[in-house]
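A.B. asks: Residue numbers (our numbering): 1 to 209.
We put the beta carbon where it would ideally sit given N, CA and C, even for glycine.
One structure, pasted below without further comment.
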């Protein structure tokens, strides 16, 4: 977020990847993912800067899970540096495993995604951060379809007025009116909704050797 103020032109030449956010419920609160909850204002600055970051959300990185047995096998094959860190990594994994058996390494997932050619599915998205009340602080409001985009851009009064016009004004072009609304706020992110978990874990394993 600070770089968007200091060197915005340079950032526009780069691939920007952010880890955080959620569409279907959070892990810090009912609606907010931890990273975006920490500083929703900063994330909103990134979204407003026209950088169209690739966002790896909780919905996606929570599916990139391993277990202690698989992790132990990988650590045993690791380099000397990995062997030195293996106890700390195992402790981190053990704490996570207590909360459901799965072990997640979201930051590793993002780093491997950035460095490797890992197949991923993405969708253009209009994303807005909630930064006000504690109940929804850090919520990433994600619009992927046209109805969601319209609801995020226009208020109820405007949409209701268009509905009335569609029924009462002969020749009224509702689709053109919708298009004009969508043009007011173009998509500002790529929402990563799928990653090849097997390829990502293999790349992670290679990096540890």
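Note down the Cα distance separating residue 192 from residue 39, rounded to an integer number of angstroms.
C.D. replies: Spanning the two alpha carbons is a distance of roughly 20 Å.
A.B. asks: Under the DSSP definition of a beta bridge, which residues are partnered with residue 121?
C.D. replies: Note: residue 121 sits in a beta bridge opposite 194.
A.B. asks: What does a CB cutoff of less than 7 Å around residue 188 pick up in its chain, not counting 5 residues either side in sequence?
C.D. replies: The residues are 47, 52, 126, 127.
A.B. asks: When DSSP labels each residue in this structure, what does residue 94 get in the three-state scheme?
C.D. replies: Helix.
A.B. asks: Contact between the segment 154-173 and the segment 72-92 is defined here as three or more beta-carbon pairs at a separation below 8 Å; is this criterion met?
C.D. replies: The segment 154-173 vs the segment 72-92: no contact.
A.B. asks: Would you kindly check if the distance between the Cβ of residue 21 and the Cβ of residue 58 is under 8 Å?
C.D. replies: Closer than 8 Å, so yes.
A.B. asks: I'd like to know whether the C-beta atoms of residue 68 and residue 103 end up nearer to each other than 8 Å.
C.D. replies: For residue 68 and residue 103, yes; Cβs fall inside 8 Å.
A.B. asks: Could you have a look at residue 126 and say whether DSSP puts it in helix, strand or coil?
C.D. replies: It is a strand residue.
A.B. asks: Kindly indicate the opening and closing residues of the alpha helix (DSSP H) around residue 133.
C.D. replies: Run containing residue 133: none; DSSP gives neither H nor E here.
A.B. asks: So what does DSSP say about residue 79, is it helix, strand or coil?
C.D. replies: Residue 79: coil per DSSP, three-state reduction.
A.B. asks: Between residue 93 and residue 64, how many whole angstroms is the CB-CB distance? I'm expecting something under 8 Å.
C.D. replies: With 8 Å as the limit, residue 93 and residue 64 do not qualify as a contact, their Cβ atoms being about 14 Å apart.
A.B. asks: Do you know offhand how far residue 172's Cα is from residue 152's?
C.D. replies: Computed Cα separation, rounded: 23 Å.
A.B. asks: So what does DSSP say about residue 157, is it helix, strand or coil?
C.D. replies: Of the three classes helix, strand and coil, the one that applies to residue 157 here is helix, per DSSP.
A.B. asks: Look at the Cβ atom of residue 109, then the Cβ atom of residue 17, and state whether they are nearer than 8 Å.
C.D. replies: Not closer than 8 Å, so no.
A.B. asks: Rounded to the nearest angstrom, what separates residue 164 and residue 144 at their Cα positions?
C.D. replies: For residue 164 and residue 144, the distance between alpha carbons rounds to 26 Å.
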